[in-house]
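Sequence order for the protein chains is R and W. In terms of my numbering, the first sequence opens at residue 1 and continues consecutively. In terms of my numbering, the second sequence opens at residue 142 and continues consecutively. Data block below; observations after.
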Amino acid sequence: MINIDSIENGIVIDHIQAKKSLEIYEALNLGELDCPVAMITNARSKKMGKKDIIKIAQNIDLDLNILGYIDPNITINIIKNDKRVDKYHVELPKEIVNIAECKNPRCITSIEHELDQVFILTDKENKTYRCKYCEAKVVKN
Amino acid sequence: MRNLIDIKDLSVTEIEELIKVAEDIMQNPDKYSEKCKHKKLATLFFEPSTRTRLSFEAAMMELGGNVIGFSSADSSSTSKGESVSDTIRTVGCYSDIIAMRHPKEGAPLVASTKTTVPIINAGDGGHNHPTQTLTDLLTIYCEKKRLNNLTIGLCGDLKFGRTVHSLITAMSRYENIKFVFISPEELKIPTYVKVNSNIDYIETKDIEEYIDKLDILYMTRVQKERFFNEEDYLRLKDYYILDKEKLEKAKKDLCIMHPLPRVNEISTEVDDDPRACYFKQVAYGKYIRMALLLKLLDIK
Chain R
1 MINIDSIENG
11 IVIDHIQAKK
21 SLEIYEALNL
31 GELDCPVAMI
41 TNARSKKMGK
51 KDIIKIAQNI
61 DLDLNILGYI
71 DPNITINIIK
81 NDKRVDKYHV
91 ELPKEIVNIA
101 ECKNPRCITS
111 IEHELDQVFI
121 LTDKENKTYR
131 CKYCEAKVVK
141 N
Chain W
142 MRNLIDIKDL
152 SVTEIEELIK
162 VAEDIMQNPD
172 KYSEKCKHKK
182 LATLFFEPST
192 RTRLSFEAAM
202 MELGGNVIGF
212 SSADSSSTSK
222 GESVSDTIRT
232 VGCYSDIIAM
242 RHPKEGAPLV
252 ASTKTTVPII
262 NAGDGGHNHP
272 TQTLTDLLTI
282 YCEKKRLNNL
292 TIGLCGDLKF
302 GRTVHSLITA
312 MSRYENIKFV
322 FISPEELKIP
332 TYVKVNSNID
342 YIETKDIEEY
352 IDKLDILYMT
362 RVQKERFFNE
372 EDYLRLKDYY
382 ILDKEKLEKA
392 KKDLCIMHPL
402 PRVNEISTEV
412 DDDPRACYFK
422 QVAYGKYIRM
432 ALLLKLLDIK
C-alpha cells in the first residue's frame, strides 16, 4: 500500500468509483491549482472493493456540484486543522456546462461549436439530463 | 421583449388571449390593417417552407407592416459559412421582429440570446413548431368550440413530427384530453413526450381501431428530410392513407386536421368531406400569427 500523507487543511473527495478520478480531476480543472493535489486510484474499500480518492491540500472554493452528475455516491470531506469538519454527498446539479457533449446530429451544437454544451436536469428521480437546445438525452461516456 | 421558442413559453391564459384576438381579427380585419405600420418582420428560412413563411408574411402585410428575409440558406450568407449567431445579430439591426426556421434543433433558442428583437421559432428540425401549434389550437377552438373534453387521434410520424410533440404539450394543459397515438413501430411517439406531458393515451398501429371515438384526427406526413436512410423512408411513407372507406365509422362531427404539406396520407377524395378541416387550418394560421405578431411587438 502506498502512503499518501493526510492533509492538514483541504478537501478529500472520497468513494470515487475506481478509475474515475481522472475524469473528476479534469472536470474540476484541478490541474490549474497551485496547491498539492493527490490522486489515488484503486485504493482498497470495504464498501466498494476498489475506489479512487482525490486529496486537495487547500480549502478552496470549487464548484463541486458537478460531482453529483459524474457519480452521486462520491463523498466530500472538508478538513480543517487535521480534523474533518464536514462530510456530505453532493446533490445532482440543476445544470451542467461543458461536461458532456450532445450526440444529436440535428442539434445546433453540432454545427455551432463555440456554443457551451449545456444540459438541464429534467428528471431528478431518473437522473436525466437533456440538452438545453434540442432536448436530447445526455449520453454518458 | 418576449420570444416564442416553445409553446410552453405561453401560458394557457396567454393562448386564450391570442385566440380571442385572432377571432376579433377574423371578424374585424379593417380594425387591424395599420396596427404594424412602419414595423418590419424578417422571415429567415434556412429550410424550405410554403405555408409557414407565406403565412407570416401575409400576416405582417395584413397588419400594415413590411417584410424582409430569405427563403433558403443558399440565398443567405450561411452558404458562405456564416453562423446562425452572426446572421441573427445582423438581421436584428434591420428588423423589429424575426421569424426563423432552421433545420438544426435549438437554433431559434440560440438566436434569442443574440439579439434584442423578439424571435419566433417557425420550426427547428424535428423539435418544435409553436406557431403551428397555435394554428392547431385556433382550429380546434373554432371547429369544436372548446379546448377541453376531446379525444384526439394523432396518426403517422409521431417520432419526428414536431407539430405532434408541440400539440401534445399544449393540449395536455386542458381538462379531460385523451390521446390515441396511431403509428408504425419505427415512428412511435418518444417516451419523453409521453412522460413529460403526463397524459392519458392509447397506442395502436391500426388507424380504424379507435376512429369512432375520435373528435379530432390529426394526420401527419412521414417526412423524408428526417430520415438518414432512404430505404426506411420508402418503407414507411405510405403506411397510412386516410380515405372515405376508413372514415365510414368516424363521428359525423370529426375534425380532420393536417399541418400540410400532404403527400399520400390523406386521399384527395377526402377533401370534399365536410369533416376535412386542413385547408381551413391554413387560413386560421394567418390569423393566429397576426395575433402573435401584435403580442410580441406589444401592440394593442
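Ideal Cβ positions, reconstructed from N, Cα and C, are used throughout, including at glycine.
Rounded to whole angstroms, the gap between the alpha carbons of C102(R) and V139(R) is 8 Å.
Closest in alpha carbon position to T361(W), among T304(W), D384(W), E350(W), Y342(W), is T304(W). Between I7(R) and K47(R), the beta carbon gap of about 22 Å keeps them out of contact (Cβ cut-off 8 Å). For the stretch 181–233 of chain W, the continuous beta strand (DSSP E) assignments of 3+ residues that do not extend past its boundaries occur at 181–186, 207–211, in sequence order. For the set Y133(R), D14(R), I99(R), the Cα lying nearest the Cα of L28(R) is the one of I99(R). When C-beta distances to chain R are compared with 8 Å, the residues of the stretch 236–248 of chain W below that value are H243, P244, K245, E246, G247, A248, in chain order. Unbroken beta strand (DSSP E) runs of no fewer than 3 residues, entirely contained in the stretch 76–132 of chain R, are found at 83–89, 95–97, 118–123, 128–131, following chain order. For a cut-off of 8 Å, the C-beta gap from Y380(W) to L279(W) is around 29 Å, too long to register as a contact. For the stretch 202–236 of chain W, residues whose beta-carbon sits nearer than 9 Å to a beta-carbon of chain R comprise S224, V225, S226. Within chain W, no C-beta atom comes less than 9 Å from the C-beta of E95(R); the nearest is roughly 14 Å away. Where Y359(W) is concerned, the enclosing beta strand (DSSP E) starts and stops at 357–360.
The way I'd put it, the stretch 290–306 of chain W does touch the stretch 253–273 of chain W; three or more beta-carbon pairs between them come closer than 8 Å. Not a single C-beta of chain W is nearer than 8 Å to the C-beta of I70(R).
Check the Cα spacing between N9(R) and each of R84(R), K80(R), P105(R): the tightest is with K80(R). Going by beta carbons, A163(W) and I429(W) fall inside the 8 Å limit.
Within chain W, the residues placing a beta-carbon under 8 Å from that of N104(R) are E246, ordered along the chain. The three-state reading of DSSP puts V321(W) in strand, counting E and B together. Residue-level contact check: G266(W) touches chain R, since one or more beta carbons of chain R fall below 8 Å from its beta carbon. The beta carbons of I148(W) and A311(W) sit closer together than 8 Å.
A distance below 6 Å between beta-carbons, with the five flanking residues on each side excluded, links Y69(R) to the following residues of its chain, in chain order: P93, I96. DSSP lists I54(R), I76(R) as the beta-bridge partner residues of I13(R).
Distance from the CA atom of S324(W) to the CA atom of T409(W), rounded to whole angstroms, is 21 Å. Under the criterion of beta carbons closer than 8 Å, D52(R) and A18(R) qualify as touching, at roughly 6 Å.
At a Cβ-Cβ threshold of 8 Å, P331(W) and K365(W) do not count as neighbours.
Neighbours of C35(R) across chain W, judged by C-beta separation under 7 Å, do not exist; the nearest C-beta is about 36 Å away. Per DSSP, S45(R) lies in no alpha helix (DSSP H); the unbroken beta strand (DSSP E) holding it starts and ends at 37–45. With fewer than 16 other beta carbons inside 10 angstroms of its own, C35(R) counts as exposed. Using beta-carbon distances, L92(R) does not count as an interface residue toward chain W, since no partner is under 8 Å.
Within the stretch 371–401 of chain W, no residue has its Cβ closer than 7 Å to any Cβ of chain R.
By the neighbour-count criterion, in which a residue is buried when 16 or more other Cβ atoms sit within 10 angstroms of its Cβ, K83(R) is exposed.
About 4 Å separates the beta carbons of N77(R) and V12(R), which is inside the 8 Å limit, making them a contact pair.
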